[in-house]
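Okay, structure first, notes after.
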Amino acid sequence: MIHCCKCGIEIEPNMRSICFRCLNNETDVTRSIKTSMAIETCRGCKRYFFPSKGWKVLSWGSQDLLIFLLGRNKSLKGLNIVDSNFVYTEEHSMRMIVEIKVAQDGIEQSCMLRYNVTNMQCTNCMRTEAKQYWKALVQLRQRPHHKRTFLYIEQLILKHKAHLPASNIKERKDGIDFYYLDRQDAVHMVDFLSSYCGTRVINSSRLISEDESNNTANKKFTFSVEILPFCKDDLVYLGPGNMLGLGNFALVSRVGSTVTFFDPVTQKSNKLYSKQYYSNEDKFKILMRSCNFKKYRVVYCRPLGNELYEATLTADDLKFFDVTTHLKIKDDDTVAGYNLEGSNLATDIDLGTDILLVRVFNNSKRNWTLKSEKEVDDEYMYFIDDISNDKEMLNRVCVFDSKDELVDNIETLGI
1 MIHCCKCGIE IEPNMRSICF RCLNNETDVT RSIKTSMAIE TCRGCKRYFF PSKGWKVLSW
61 GSQDLLIFLL GRNKSLKGLN IVDSNFVYTE EHSMRMIVEI KVAQDGIEQS CMLRYNVTNM
121 QCTNCMRTEA KQYWKALVQL RQRPHHKRTF LYIEQLILKH KAHLPASNIK ERKDGIDFYY
181 LDRQDAVHMV DFLSSYCGTR VINSSRLISE DESNNTANKK FTFSVEILPF CKDDLVYLGP
241 GNMLGLGNFA LVSRVGSTVT FFDPVTQKSN KLYSKQYYSN EDKFKILMRS CNFKKYRVVY
301 CRPLGNELYE ATLTADDLKF FDVTTHLKIK DDDTVAGYNL EGSNLATDID LGTDILLVRV
361 FNNSKRNWTL KSEKEVDDEY MYFIDDISND KEMLNRVCVF DSKDELVDNI ETLGI
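Numbering follows the UniProt record's numbering, with no gaps: position 252 of the sequence shown is 252.
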């Protein structure tokens, strides 16, 4: 044993002949750290500036913001930081304090880093201030317009936060316009929409100004995105010898990046791709849509085999109809379908039945909901019914439980 050269207590021999307490008091492992610096945020969009990388959204007090602040302080490079956390400050104070703990040679010391938040203006906000509201426009259209299609797209955009790069969004009569300050953001939106919907995209550009001396030009770009005109439950005329190998008439059973058609007579299905449709557009004719639905009550039904059912229906308890259907129904179910006998169409529809049943209504209570500002009408309820019966679609939207909290895994709802 030896005595510490500073305080005289007995210690184990070491190269400096000094005890740990005196060594800790005399050594400052944080002396090289810069404890005060400034970071930049945009006063308009509240994004933080990443040198050479642009602007990014970070929440006050978040883990991502902490990593960003530590990364901005170059004096921390090479140090062994064993702990770091925010010291609480009000957001309006425009100051952030981070406490870090640095370890070196068995010594751990704490240090306070102070960051002053200074206001700048990002390029996008500068353009907005100068009333240059957009450089690229995505025009999303569907003709005829289907409310359910755009309800689904709205939920997809919210789920993936695809609306954040847009400088403005406007609802039009038959679609939506998305405005962007950067062409690449518009390209990303077009790719996003095309991955979930069958689309046709037409690009165009318009010259705004040109500088021949510098060989530069200012252009505005427009992306016209047209969605396939079909919606679930549509009755479509395909014609004889059609490319899908189905009968003359088919129902739309599923809509996504492709459209699935179901032949109610042969019970066969086939998919239609965007390129197939737009190269043979005149061969498809939508005869009936959900606005032509008539609701009935199932009085009696029995299975026939081959996944077919025979049922007796009534709409008013005065007149009764006997039908054959592919839907799995039971007594007292509420169903919707097309009255082919009473339809006034130029094309004669012969499906072996006067009423073509399309939908069974699910009256069971749901323990989840969606967030939407759209009016709750029949089309909205059809959409809710569609996604409740399709787990893949339900996983793609933002679902909220009875406590109004976002559900990460729909399996927890027992679906």
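Beta carbons: idealized from backbone N, C-alpha and C, even for Gly.
With a cutoff of 9 Å on beta-carbon distance, TYR338 and LYS275 are scored as not near each other. Inter-residue distance for ILE169 and PRO229 is about 22 Å (C-alpha atoms, whole angstroms).
The Cβ atoms of LEU246 and ASP234 lie no closer than 9 Å to each other. If you check the CB distance, GLN267 and HIS326 come in under 9 Å.
Exposure of THR123 is indicated by the presence of fewer than 16 other C-beta atoms within 10 angstroms of its C-beta.
For SER110, the secondary structure class from DSSP, reduced to helix, strand or coil, is strand.
Contact between the region 357–364 and the region 379–396 is established, with three or more Cβ pairs separated by less than 8 Å. Segment contact: the region 81–91 against the region 153–162, fewer than three CB-CB distances shorter than 8 Å; contact not assigned. For LEU357, the closest of VAL265, ASP282 and TYR273 by C-alpha to C-alpha distance is VAL265. With a cut-off of 8 Å on Cβ pairs, the region 171–189 is not in contact with the region 211–218, counting fewer than three such pairs. In chain order, CYS4, LYS6 and CYS7 place their CB closer than 7 Å to the CB of CYS22, counting only its own chain and leaving out the 5 sequence neighbours on each side. At the C-beta level, LYS56 and ASP83 stay beyond 9 Å of one another. Contact between ARG143 and ASP174 holds, since their C-beta atoms are separated by about 6 Å, short of 8 Å.
Rounded to whole angstroms, VAL98 and GLY106 show a C-alpha spacing of 22 Å. Annotated three-state conformation of TYR196 is helix, per DSSP. When only Cα atoms are considered, ALA311 and MET393 end up about 30 Å apart. Residue environment: ASP408 is assigned as exposed (fewer than 16 neighbouring CB atoms within 10 Å of its CB, all protein chains considered). Going by C-alpha positions, THR412 is about 16 Å away from ARG396. Fully enclosed beta strand (DSSP E) runs of no fewer than 3 residues occupy 269–272 and 285–288 of the region 265–302, in order along the chain.
Secondary structure of LYS6 (DSSP, three-state): coil.
Distance from the CA of PHE50 to the CA of LEU65, rounded to the nearest whole angstrom, comes to 11 Å.
Every beta strand (DSSP E) stretch that sits fully inside the region 54–137 and reaches 3 residues is listed by chain position as 54–56, 80–87, 95–104 and 107–120. Residue range 175–180 is occupied by the beta strand (DSSP E) that includes ASP177. When C-alpha distances from SER205 are compared across ARG141, LEU193 and LYS219, the shortest belongs to LYS219. Rounded to the nearest whole angstrom, the CA to CA distance from ASN292 to ASP322 is 20 Å.
Scanning its chain for C-beta atoms nearer than 6 Å, with the 5 sequence neighbours on each side dropped, one finds around SER253 the residues THR260 and PHE262, in chain order.
Judged by DSSP in its simplified three-state form, MET37 adopts strand.
By the Cβ-count criterion, ARG366 is exposed, with fewer than 16 other Cβ atoms from all chains shown falling within 10 Å of its own Cβ.
Annotation: the continuous alpha helix (DSSP H) that includes SER388 extends over 378–388. When only Cα atoms are considered, LEU251 and ALA162 end up about 31 Å apart. Beta bridge pairing from DSSP links ILE18 with no other residue. The Cβ atoms of TYR309 and ILE286 do not sit closer than 9 Å to each other. In this structure, the CA atom of GLY54 is about 8 Å from the CA atom of TYR48. Assignment of LEU357 by DSSP, reduced to helix, strand and coil, places it in the strand class. Between the beta-carbon of ILE355 and that of PHE249 there is about 14 Å, and that puts the pair past the 8 Å contact cut. With contacts defined by Cβ atoms closer than 9 Å, THR258 and TYR237 do not form a contacting pair.
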